Amino acid sequence: MKRLILTAAMALTIPMTMNAQPKLTPSNIDEVMAAMTLEEKAQLLVGGANNFFADQAVVGGEAEQVPGAAGTTAAIPRLGIPATILTDGPAGVRINPTRKGDSQTYYATGFPIGTCLASTWNTELVSQVGAAIGRETKEYRCDVVLGPGMNLHRNPLCGRNFEYYSEDPLLTGKIAAAYINGVQGEGVGTSAKHFAVNSQETARTSVDERLSQRAARELYLRGFEIAVRESQPWTIMASYNQVNGQYSMGNRDLLTSILRDDWGYKGMVMTDWIGIRQGLKTTDEVAAGNDLMEPGQPAQCAEIVAGVKSGALKMEDVDRNVRRMLEYIVKTPAFLKYAYTNKPDLKAHAAITRQSACEGIVLLKNNGTLPWSTPQCQAPATGTGERPLVRQVALFGENSYDFFSGGTGSGCVHTPYVVDMVEGLANAGIASTATLTDIYKKYVDYAKVKFQAERHPAKWYQLEAFGQQKYPEIGISPILVNAEAKKADAAIVTIGRQAGEGVDRDIATEFNLIDEERDLIFNVCRAFHALGKPVVVVINSGSVVETASWSAYPDAIVCAWQPGEEGGNSVADILTGKVCPSGRLTMTWPVSATDHPSTANFPGMLDFYSYQELKSGGHQAQNYDFTLHEEDIYVGYRYFDTFGREVAFPFGYGLSYTTFAYSGMKVRAGRDEVTVSVTVRNTGRVSGKEVVQLYVAAPQGKLEKPAHELKAFAKTRELKPGEQQTLTLSVPVRLLASFDEEASQWLTEAGYYTFAIGASSRDIKATAQARLDTYTEKVSQALAPQEPLKRLTQKK
Ligand code: BGC
2 MKRLILTAAM ALTIPMTMNA QPKLTPSNID EVMAAMTLEE KAQLLVGGAN
52 NFFADQAVVG GEAEQVPGAA GTTAAIPRLG IPATILTDGP AGVRINPTRK
102 GDSQTYYATG FPIGTCLAST WNTELVSQVG AAIGRETKEY RCDVVLGPGM
152 NLHRNPLCGR NFEYYSEDPL LTGKIAAAYI NGVQGEGVGT SAKHFAVNSQ
202 ETARTSVDER LSQRAARELY LRGFEIAVRE SQPWTIMASY NQVNGQYSMG
252 NRDLLTSILR DDWGYKGMVM TDWIGIRQGL KTTDEVAAGN DLMEPGQPAQ
302 CAEIVAGVKS GALKMEDVDR NVRRMLEYIV KTPAFLKYAY TNKPDLKAHA
352 AITRQSACEG IVLLKNNGTL PWSTPQCQAP ATGTGERPLV RQVALFGENS
402 YDFFSGGTGS GCVHTPYVVD MVEGLANAGI ASTATLTDIY KKYVDYAKVK
452 FQAERHPAKW YQLEAFGQQK YPEIGISPIL VNAEAKKADA AIVTIGRQAG
502 EGVDRDIATE FNLIDEERDL IFNVCRAFHA LGKPVVVVIN SGSVVETASW
552 SAYPDAIVCA WQPGEEGGNS VADILTGKVC PSGRLTMTWP VSATDHPSTA
602 NFPGMLDFYS YQELKSGGHQ AQNYDFTLHE EDIYVGYRYF DTFGREVAFP
652 FGYGLSYTTF AYSGMKVRAG RDEVTVSVTV RNTGRVSGKE VVQLYVAAPQ
702 GKLEKPAHEL KAFAKTRELK PGEQQTLTLS VPVRLLASFD EEASQWLTEA
752 GYYTFAIGAS SRDIKATAQA RLDTYTEKVS QALAPQEPLK RLTQKK
């Protein structure tokens, strides 16, 4: 109370002149605000010095720089307000690895990409990764890591799916919250991005995503809601795109009504990196609740100042945002003068990335060949016969030799090294055959030079500075394949896919395998199988690829994702059984990309020239100017399981080297929460972890419901053969609700709910029912579509 009175008195007595010079502390924000000029306030709402093209560090003052960081917030030294530095992520700290006139290097650990991390289904592990990223961020003098990326995998063709977690909002929200809590536990901020409905890259800075309020609330926003409630990210990044006719960055419904009023968000919101944009005023962004314009242009400060002076922008809106900026700044390492070292513990973090990647790798097929024994170590006996001894392997596919640690764009990290398959296997005691290794290594060296020389200048994302590139496969003649089959004990074919910011994937050459890759798999399988030798396909991709046309051929398929800088070691740990696979898919793998109903409304169907033609005729181009979410709530398994469609691999799927039995399932329904317990027993011959997934089927009432939805999950500890663990999962009743557009409320309808424990969405192990009463929760009426939408429904 005393402080309040003092503060109010000061606001009255201290004039807004340059003479009042309080220095910012966590408890004098009012005083500092009273001392700020309008120009200084505007400055604080607009990003500071641009670090991206800096080649030297600048410490202190108004132009603080960490070379390669994405942006800064402005410093106002006279009031003790330091610049804070925002670095890209989410798979590690993205700064330049070298600096002009400086012999030290600034490489950062490449952690597993989003899909790989989420595939661990292990929130504790994800928090440990977050903590390591947090430590690296502050050791490299940055304050916020711009992640996690948490847009929904609406469609497998989105170029940035690798940064994101899942087609399911609950899994997305829980993994994101774990990441955020891990980073922020180190006193470093995060920026949950891109808020919201940014599930395509084509025309991402302008496209209008048109969707129902129900799909928005239940799917595209729910992950963010969970993350906000469970981890309060210091910052949130508003996306480039429009949602139902309004840019997210100036969308009051999103940034204030939903984010703050409905969810209780306390942190600050920043824009994605666009500066001034056509059709949206900076003053409208400020008024809508966007606190920080990034990367920031001086003209935006001028616009804010002019807006206040003309009365177009309310001073109280500016003050509200300035306060949020100051509340953020006082938490940062820059403000707290953290004694950074520029020497993060890269060795310790490499161990974390290796282990976390192992848990995210998903074993898609195994006819019993894996794990392999090596001369160094005997693979554990799994009960499926004697383990094959593999001393020498023939490694096919250019990405065996240039393994992708992560994707391209702002999400790529400058890692000190990437362990490829040759090195990873060698570390495990398995050699690669000499001739093939020589051919491929020379090819990769040549392809790198040729590709960069021939790169189209407009394709910035193909610059090496934005990540490893995919080079064409070389043809390997059947004669060479036959010769390799005689020499090697086994073959590995690595299928690599690269994707990233700014571009979506195409079906023909990026989702599907190209002819050379299919031929390679067939030829290798034919030659090796003729001699009784196994073939494993390793998928080194950030997102889903087609498997149905070739998966019958190899003995095993390992989805390694893009597992970070220790990639080859992590894959070798799985192949040799050092680690028992426990990763599970976080998205459905369809038979064909067009099986997803959203593919009909996804870019890629219209080429750029037809788009230009349409535009010049004054027409709006579907999937470019606007994207219709006609699949509505039927995204991923919500569609495939409800409409009974065949899939290549279902959501939640993944094999292990051991087996598990479930027993004693119990459901207890309370007023606010349902608890489900189940005992999992390792019934196999090796130690392993199991992911327990809880799906809930609701009674059909007023609102149409998908067949079932994931409502909780947990991972067991490592269980030894014969060991068991009882897991208890809780589901808040509010999370069982669907969005009732008519009443603008969350609604859990009364009736009998089926709780199902599954090892995937299609492998249900036990079920139980419980009766629930009606639950409602009123929320703001927000994001209404401008025109009615055609929507996919079960009702005929
Ligand atoms: C991306 C963001 C990124 C920002 C800063 C944008 O183009 O969409 O994810 O954080 O650039 O690099």
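Using our numbering, the letters of the sequence shown map in sequence onto residues 2 to 797.
Cβ atoms here follow ideal geometry from the backbone N, Cα and C, with glycine treated the same way.
These numbers were taken from a predicted model, which means no experiment stands behind them.
Residue i beta carbon near the ligand BGC (any heavy atom closer than 7 Å)
{"i": "S207", "result": "no"}
{"i": "D89", "result": "yes"}
{"i": "W461", "result": "no"}
{"i": "L798", "result": "Lying before the first or after the last residue shown, residue 798 is absent from the chain, which here runs from 2 to 797."}
{"i": "D273", "result": "yes"}
{"i": "H195", "result": "yes"}
{"i": "L147", "result": "yes"}
{"i": "S411", "result": "yes"}
{"i": "A50", "result": "no"}
{"i": "A71", "result": "yes"}
{"i": "E210", "result": "no"}
{"i": "E502", "result": "yes"}
Pick from the options that is closest to residue i, judged by C-alpha positions
{"i": "W461", "options": "E742, D505, D421, G410", "result": "G410"}
{"i": "V414", "options": "V189, R261, P113", "result": "P113"}
{"i": "D144", "options": "T416, G190, G183, K667", "result": "G190"}
{"i": "L46", "options": "V323, H195, I237", "result": "V323"}
{"i": "I758", "options": "E202, F529, A738, V681", "result": "V681"}
{"i": "K348", "options": "Q243, E566, E742", "result": "E566"}
{"i": "P582", "options": "Y654, R392, E63", "result": "Y654"}
{"i": "P299", "options": "G49, S552, E788", "result": "G49"}
{"i": "Q247", "options": "A177, L158, Y329, A197", "result": "A197"}
{"i": "A179", "options": "G150, C159, Y444", "result": "G150"}
{"i": "M34", "options": "L80, K791, G188, R686", "result": "L80"}
{"i": "G69", "options": "N97, Q377, R211, A484", "result": "N97"}
{"i": "V445", "options": "N428, T436, E465, P473", "result": "P473"}
{"i": "T595", "options": "N483, I558, G637", "result": "G637"}
{"i": "I277", "options": "M269, R261, I305, Y753", "result": "I305"}
{"i": "S357", "options": "A132, R498, S552", "result": "A132"}
{"i": "H350", "options": "L126, S311, L220", "result": "L126"}
Proximity below 8 Å, CB of residue i to CB of residue j
{"i": "T375", "j": "G430", "result": "yes"}
{"i": "G224", "j": "S192", "result": "no"}
{"i": "G689", "j": "Y663", "result": "no"}
{"i": "G584", "j": "V363", "result": "yes"}
{"i": "L256", "j": "A289", "result": "yes"}
{"i": "A140", "j": "T342", "result": "For clarity, residue 140 is Glu in the given sequence; the question names Ala instead. A contact, by the Cβ cut-off of 8 Å."}
{"i": "N156", "j": "S593", "result": "no"}
{"i": "Y266", "j": "N199", "result": "no"}
Reduced DSSP category for residue i - H, G, I as helix; E, B as strand; rest coil
{"i": "H620", "result": "coil"}
{"i": "S762", "result": "coil"}
{"i": "K310", "result": "helix"}
{"i": "Q787", "result": "coil"}
{"i": "D103", "result": "strand"}
{"i": "D799", "result": "Since the first and last residues shown for the chain are 2 and 797, residue 799 lies out of range."}
{"i": "Q129", "result": "helix"}
{"i": "P23", "result": "coil"}
{"i": "Q725", "result": "strand"}
{"i": "R792", "result": "coil"}
{"i": "D318", "result": "helix"}
{"i": "N816", "result": "The chain is shown only over 2 to 797; residue 816 falls outside these bounds and no answer can be derived."}
{"i": "L481", "result": "helix"}
{"i": "F163", "result": "helix"}
{"i": "R506", "result": "coil"}
{"i": "S739", "result": "strand"}
{"i": "H350", "result": "helix"}
{"i": "E674", "result": "strand"}
{"i": "E778", "result": "strand"}
Minimum length 4: unbroken alpha helix (DSSP H) runs contained in the segment 510-591 = Scanning the segment 510-591 from its first residue to its last, the whole alpha helix (DSSP H) runs of 4-plus residues come out as 516-531, 568-576.
query = In chain order, which beta strand (DSSP E) runs of at least 3 residues are fully inside the segment 218-252?
reply = Counting only runs of 3 or more, we get 236-239.
query = What are the complete alpha helix (DSSP H) segments, minimum 4 residues, inside the segment 628-662?
reply = Taking only runs of at least 4 residues, the alpha helix (DSSP H) segments lying wholly in the segment 628-662 are 638-643.
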